[in-house]
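Enquirer: Converting from the sequence shown to the working numbering requires adding 319 to each position, the first position being numbered 1.
One structure, as structure tokens, below. Some questions next.
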Amino acid sequence: MTKILHLSDTHLGNRQYGSDTRRDDFTRAFEAAINRALQENVDAVIHTGDLFHRRTPSLPIVTDCIETLRKLADEDIPFYGIVGNHDRKMDQQWLDLIRETGTAERLDQTPTMVNDEVALYGIDAVTKPAWHAADFTLEEPPNPDAFRLLGMHQLFEPLVPEFYADHELSEVLERVDIDLDALALGDYHKTESRIVDGVPAWYAGSTERCATDELEPRTVSLLEIEDGDFERRELELDTREFESIRIEFDEGDSHGYARDELDRHQLDDKVAIVKLTGERTPVTSSDVYDMAIDKGAAVCKVDDNRGRRQLDLEDGPQGDIQSAEKLIEEKLADQNLSDIATDVEARVRTDDDLAQTAIDDTMQELIEEAQADAFEERDAEADLGDPETEVSGE
Numbered sequence: 320m321t322k323i324l325h326l327s328d329t330h331l332g333n334r335q336y337g338s339d340t341r342r343d344d345f346t347r348a349f350e351a352a353i354n355r356a357l358q359e360n361v362d363a364v365i366h367t368g369d370l371f372h373r374r375t376p377s378l379p380i381v382t383d384c385i386e387t388l389r390k391l392a393d394e395d396i397p398f399y400g401i402v403g404n405h406d407r408k409m410d411q412q413w414l415d416l417i418r419e420t421g422t423a424e425r426l427d428q429t430p431t432m433v434n435d436e437v438a439l440y441g442i443d444a445v446t447k448p449a450w451h452a453a454d455f456t457l458e459e460p461p462n463p464d465a466f467r468l469l470g471m472h473q474l475f476e477p478l479v480p481e482f483y484a485d486h487e488l489s490e491v492l493e494r495v496d497i498d499l500d501a502l503a504l505g506d507y508h509k510t511e512s513r514i515v516d517g518v519p520a521w522y523a524g525s526t527e528r529c530a531t532d533e534l535e536p537r538t539v540s541l542l543e544i545e546d547g548d549f550e551r552r553e554l555e556l557d558t559r560e561f562e563s564i565r566i567e568f569d570e571g572d573s574h575g576y577a578r579d580e581l582d583r584h585q586l587d588d589k590v591a592i593v594k595l596t597g598e599r600t601p602v603t604s605s606d607v608y609d610m611a612i613d614k615g616a617a618v619c620k621v622d623d624n625r626g627r628r629q630l631d632l633e634d635g636p637q638g639d640i641q642s643a644e645k646l647i648e649e650k651l652a653d654q655n656l657s658d659i660a661t662d663v664e665a666r667v668r669t670d671d672d673l674a675q676t677a678i679d680d681t682m683q684e685l686i687e688e689a690q691a692d693a694f695e696e697r698d699a700e701a702d703l704g705d706p707e708t709e710v711s712g713e
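Next up, the structure:
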């Protein structure tokens, strides 16, 4: 039997709510997931994207990650990953760097065999503008009877609500060009599973809570595979608890009222999420923050909505608003840009290491590469001797 631990969306370095405590919580959750892998004596660990929260994690965060992964390497347990949308860079990825330390490997569209029984594949997060042109074809495994498991980092229907999803999972099953036995997914922070066109697919969820509405316990998935049979179990992680508090103020309510409302909740060592509604009063959000910390909360976030008009969102998307980057990608996908225009836009927008003075050189380099490709295609057409004949693959 082959045992594999699947985790995702660890978002290392996330200084949530501007708190160093929360940043450390994300590191501890990652360590807890790796410790579960060691306890279960798994044969491999797979990570389906967003290992880091940003494209430019600090050196201490990267170092802590490698030190945690070293515990797996010391037990000869390989760690396989793909790149998510949060930590995706234009060229070499952080997983490429970590691979040099001997503590991680990057999955791709060729099979990575585990015990000659399981073939692992991985496809990095794909931007919306690049989605339809992307090649998802997977190579057949050397063992034709191997269990075929693909890891991806995208939001797919029907596992994800329609207003969040980017694509239909059934499309991927058609484009990979081999028969898959399972899909391990990342990007959605809640644990969800579904059988799509006869293939089991699931999101392991994030290892820490990345938003105020992610109140469910955090989990990783333990996969047990034997003779083509497959079983998945969710293992709960011990993470810091969230306490959601709503305080509705009437005109004249004082600091004592706010304290009484907070006293109704056990806040010791928790993340307190406090929403203030109703009428404006002399009690400030800063006052409520101080009260929550005084009552033992490790971290506090106060949303002051007093005096604001309440919008009816019953028929619209719930939860956190999409990131600016995702909205940009959706708009670009509708523009039918050329490949070179997409490359130029993505390089400028997403490459944090690209200095202003280097932009012109980078644009020139990309344009020259496109020109060279165009000349090669033209020469190939000329060599065919028939101007009406299409070049193979176009």
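Think of the CB as a built atom: it goes at the ideal place given N, C-alpha and C, for glycine as much as any other residue.
Everything numeric in this text was worked out from a predicted model, so none of it was measured.
Whether or not the segment 501-509 and the segment 465-479 are in contact is what I'm after, with contact meaning three or more pairs of Cβ atoms, one per stretch, closer than 8 Å; do they touch?
Expert: The answer is yes - the segment 501-509 touches the segment 465-479, with three or more Cβ pairs under 8 Å.
Enquirer: Give me the DSSP bridge partner(s) of I323.
Expert: Paired residues: A363 and L542.
Enquirer: Kindly indicate which three-state DSSP category R347 falls into: helix, strand or coil?
Expert: In the structure shown, R347 sits in a helix (DSSP, three-state: H, G or I).
Enquirer: Distance, Cα to Cα, C384 vs G368?
Expert: Going by the C-alpha atoms only, they are around 14 Å apart.
Enquirer: By alpha-carbon positions, which one of L457, R389 and G571 ends up nearest to L499?
Expert: Ranking the options by Cα distance to L499, first place goes to L457.
Enquirer: Just tell me which of S573, E562, K594 and L595 has its CA closest to the CA of L586.
Expert: If we check each option's Cα against that of L586, E562 comes out closest.
Enquirer: Excluding the 5 residues flanking G626 on each side, which residues of the same chain have their C-beta closer than 8 Å to its C-beta?
Expert: Answer for G626: E598 and R599, listed in chain order.
Enquirer: Taking the alpha-carbon of E715 as reference, which of L556, D557 and D579 has the nearest alpha-carbon?
Expert: Only positions 320 to 713 of the chain appear in the structure, and residue 715 is not among them; the question remains open.
Enquirer: Going by DSSP, what residue range makes up the alpha helix (DSSP H) through W413?
Expert: W413 to R418 is the extent of the alpha helix (DSSP H) around W413.
Enquirer: For P477 and I417, I'd like the C-alpha separation in whole angstroms.
Expert: Cα to Cα, P477 sits roughly 34 Å from I417.
Enquirer: Nearest-angstrom Cα distance between G332 and F371?
Expert: Each residue's Cα considered, the two are about 6 Å apart.
Enquirer: Per DSSP, what kind of secondary structure is E394 in: helix, strand or coil?
Expert: Three-state result, E394: coil.
Enquirer: How big is the Cα-Cα spacing for V491 and R559?
Expert: Between V491 and R559, the C-alpha separation is close to 36 Å.
Enquirer: Looking at the strands, I want to know which residues DSSP matches up with R627.
Expert: Answer is none; R627 lacks a bridge partner.
Enquirer: Tell me where the alpha helix (DSSP H) around M610 begins and ends.
Expert: Taken as a continuous stretch (DSSP letters only), the alpha helix (DSSP H) holding M610 covers S604 to D613.
Enquirer: Provide the residue span of the beta strand (DSSP E) that contains D548, from first to last.
Expert: Its beta strand (DSSP E) spans residues D548 to E555.
Enquirer: From F509 to I380, what does the alpha carbon distance come to, in whole angstroms?
Expert: Correcting the residue type first, residue 509 is Lys in the shown sequence and not Phe. Distance between the alpha carbons of K509 and I380: 24 Å.
Enquirer: How long is the line joining the alpha carbons of A523 and V539, rounded to whole angstroms?
Expert: Between A523 and V539, the C-alpha separation is close to 6 Å.
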